[in-house]
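K.L.:
Got a structure for you, questions after.
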Amino acid sequence: MKAITKSSKLNNVCYDIRGQIAAEAKRLEDEGHKILRLNIGNPAPFGFAAPDDILKDVIHNLPRSQGYSESKGIYSARVAVMQYFQQQGIKDVNVDDIFIGNGVSELIVMAMQALLDNGDEVLIPSPDYPLWTAAVSLSGGKPVHYRCDDENSWFPDLADMESKITKKTKAIVLINPNNPTGAVYSKEVLQGIIALARKHGLIIYSDEIYDKILYDQAKHVPTASLSTDVLIITLGGLSKNYRIAGFRAGWMVISGPKLHAEDYIKGLTLLSSMRMCANVPSQHAIQTALGGYQSINELISGDGRLLKQRNIAYQMINDIDGLSCNPAMGALYLFVKVDNKKFNITDDEGMILDLLKQEKILLVHGRAFNIKENNYFRLVFLPHVDELVPALEKLKNFFSTYKQV
Ligand code: PLP
């Protein structure tokens with residue numbers, strides 16, 4: 001019988017966060033091993049419960065969520081997102097500029113599918129959240145990575161970004177606060193990127209899914225609050241700020257010169273109608289989440305759980321000889337550098353696999369985030385301190401003997 005093969009559209013599509021190593025972790029679990037999964041930013045399994053009001057609201061609305069909704073999303077959710085934007089100083093947004101999706105993930109793919117012809121280029125950060133690169137490739141586009149600088153708080157290197165703009169470039173992607181680096185961009189950096197987009201006629205996609213998860217004095221500046229003359233598409237959702245990743249609720253908001261983008265917006269509308277609508281019960285969570293008490297603030301300040309875990313992880317990683325990272329100013333991750341002068345690492349994926357086998361801890365290797373270097377990994381600091389500390393001790397143990405130079 002002829003083998004059934006996958007579409008060649010998938011040849012360059014890669015999403016290694018849930019790739020081969022995660023499959024090996026599953027195999028070890030099936031053999032009876034306990035694996036500590038520090039590979040995915042999924043707060044609920046680590047005991048971060050969703051705010052009660054949100055759950056109650058979804059339950060309350062369940063009986064009337066049986067039918068499809070409007071493709072762009074239920075009215076109350078879109079009004080809530082509009083008001084959230086208005087409160088942040090973004091005035092030129094109305095309900096029709098908002099699309100609700102099954103998480104930001106669905107909207108990223110939709111946004112790229114509607115935009116790109118074969119060979120069109122999109123500037124994407126390196127390191128990135130790899131769905132962006134995958135979505136561009138899936139849509140026939142060419143992901144072009146711009147450098148974010150480890151030595152400069154992981155901020156985008158604007159000179160590198162500009163040097164990579166060609167006639168085929170259509171858009172710049174920003175992730176702020178950043179996954180995987182934890183960087184939170186300054187207003188000046190954002191203004192610099194907007195100036196490039198203006199000069200070269202590019203769209204900006206600003207992925208702001210972690211906009212409320214900020215540490216120390218970090219301030220998040222929404223990209224769209226800094227410009228009215230560049231088309232900016234902001235993405236956000238409930239998965240992280242409200243700890244309900246399983247609900248699959250996100251939004252995409254178009255601001256700037258929308259008339260100029262009428263045809264693209266028609267494309268987005270077509271694609272959103274082809275999948276009928278986003279999950280309706282979860283859409284009801286959006287208004288309650290955005291309008292209600294912001295319990296995330298308790299987790300990221302004072303003796304809040306997330307802040308404590310971030311501090312301990314940062315401290316313990318930097319205390320390991322040969323490992324270093326910046327303190328995450330936002331989001332849920334540390335992006336850790338393994339010193340090449342101390343360790344002889346040629347294959348980051350092999351390193352993470354060895355760690356999994358030896359210490360039963362699952363991390364993600366750096367190259368999964370579209371970097372060239374092979375001496376980084378990402379760690380999620382979601383576990384409780386009593387689980388996090390032993391995990392970091394095991395990491396120390398691993399690197400005390402692993403492939404020393
Ligand atoms: N964007 C970034 C930067 C993320 O880190 C994630 C998930 O980890 C997503 C988007 C996807 O989120 P969602 O659960 O809304 O699909």
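At position 9 of the sequence shown the residue is numbered 9 (UniProt numbering), and the sequence of numbers has no breaks.
Using N, Cα and C, we set each Cβ at its ideal position, and we do this for glycine too.
Here the structure is a predicted model, which is why all the values come from computation and not from measurement.
1) Whose beta carbon lies closer than 6 Å to any heavy atom of ligand 1, going through the chain in order?
2) Can you grab the Cα-Cα spacing for the pair glutamate 151 / alanine 44, in whole Å?
3) Using CA atoms only, rank isn't needed, just tell me which of Lys372, Asn375, Val380, Arg27 is closest to leucine 363.
4) Along the chain, where does the beta strand (DSSP E) containing arginine 147 start, and where does it finish?
5) To which residues does DSSP link glutamate 121 through a beta bridge?
6) Which word fits serine 163, buried or exposed, when buried means at least 16 other C-beta atoms lie within 10 angstroms of its C-beta?
7) Please state whether the Cβ-Cβ distance between alanine 77 and isoleucine 296 is less than 7 Å.
8) Round the Cβ separation of proline 180 and phenylalanine 369 to the nearest angstrom and send it over; I've been treating them as touching at under 8 Å.
9) Can you have a look at leucine 196 and say buried or exposed, based on whether 16 or more other CB atoms are within 10 angstroms of its CB?
10) If leucine 235 sits next to methionine 110, beta carbons under 8 Å apart, how far is it from one beta carbon to the other, in whole angstroms?
11) Give me the Cα-Cα distance between isoleucine 74 and leucine 158, rounded to the nearest whole angstrom.
12) How would you call proline 51, buried or exposed, if buried means at least 16 neighbouring beta carbons within 10 angstroms?
13) CB of isoleucine 317 to nearest heavy atom of ligand 2: below 6 Å?
14) Kindly list the residues whose CB is nearer than 6 Å to the CB of glutamine 294, restricted to its own chain and excluding five residues on each side of it in sequence; keep chain order.
15) Here's a check: name, in chain order, each residue in its chain whose Cβ is nearer than 7 Å to the Cβ of isoleucine 300, leaving out the five neighbours to either side.
16) What runs of the beta strand (DSSP E), each 3 residues or longer, lie entirely inside the segment 360-384?
17) Spatial neighbours of arginine 147 within its chain, please: C-beta separation below 7 Å, excluding the five flanking residues on both sides.
18) For alanine 80 and leucine 115, which I take to be in contact (beta-carbon distance under 8 Å), what is that distance rounded to the nearest angstrom?
19) Find out if the Cβ-Cβ distance for the pair phenylalanine 377, isoleucine 352 is shorter than 7 Å.
20) Which residue's Cα is closest to the Cα of methionine 329: Gln217, Ala261, Leu38?
21) Could you give the residue range of the beta strand (DSSP E) that holds aspartate 207?
22) For aspartate 229, which residues in the same chain have their Cβ closer than 7 Å to its Cβ, ignoring the five residues on either side in sequence?
23) Could you tell me the boundaries of the alpha helix (DSSP H) in which glycine 291 lies?
24) Do alanine 183 and serine 206 have their beta-carbon atoms positioned less than 7 Å apart in this structure?
25) Tell me the residue span of the beta strand (DSSP E) that contains lysine 337.
26) Suppose only complete runs of 4+ residues qualify. What are the alpha helix (DSSP H) ranges in the segment 69-111, listed by chain order?
27) Tell me the DSSP bridge mates of isoleucine 254?
28) Please report the straight-line C-alpha distance between leucine 123 and alanine 261, rounded to a whole angstrom.
29) Thinking C-alpha only, which one of Lys394, Asn241, Val405 is nearest alanine 49?
30) Measure the beta-carbon distance from valine 253 to isoleucine 98 and round it to whole angstroms, keeping in mind my assumption that it falls under 8 Å.
31) Could you give the distance in angstroms between the alpha-carbon of tyrosine 84 and the alpha-carbon of leucine 334?
32) Using DSSP's beta-bridge definition, name the partner residues of glycine 330.
33) Taking glutamate 29 and isoleucine 35 to be in contact with their CB atoms under 8 Å, please state how far apart those CB atoms are, rounded to whole angstroms.
P.N.:
Walking through what the data contain:
1) Gly41, Gly103, Val104, Ser105, Tyr129, Ile175, Asn179, Asp207, Ile209, Gly237, Ser239, Ala245, Gly250
2) 33 Å
3) The shortest Cα separation from leucine 363 among Lys372, Asn375, Val380, Arg27 belongs to Val380.
4) 142-149
5) Lys142, Thr169
6) exposed
7) no
8) Yes, they are in contact, since the Cβ atoms of proline 180 and phenylalanine 369 sit about 5 Å apart, within 8 Å.
9) buried
10) Actually they do not touch by this definition, with Cβ atoms about 10 Å apart.
11) Taking the CA atoms as reference points, isoleucine 74 sits about 39 Å from leucine 158.
12) It is buried - the Cβ of proline 51 has at least 16 other Cβ atoms within 10 Å.
13) Within the structure as shown, ligand 2 is missing, the only ligands being ligand 1.
14) none
15) Ile213, Leu214, Tyr215, Leu306, Leu307
16) 376-380
17) Ser126, Asp157, Asp160
18) Incorrect: roughly 26 Å between the Cβ atoms, too far for contact.
19) Result yes, Cβ atoms of phenylalanine 377 and isoleucine 352 sit closer than 7 Å.
20) Gln217
21) 203-207
22) Arg198, Gly256, Pro257
23) 280-291
24) no
25) 333-338
26) 75-87
27) Ile233
28) 19 Å
29) Asn241
30) 5 Å
31) 28 Å
32) Secondary-structure assignment with DSSP links glycine 330 through a beta bridge to Leu214.
33) At roughly 5 Å, the Cβ-Cβ gap stays under 8 Å, so glutamate 29 and isoleucine 35 are in contact.
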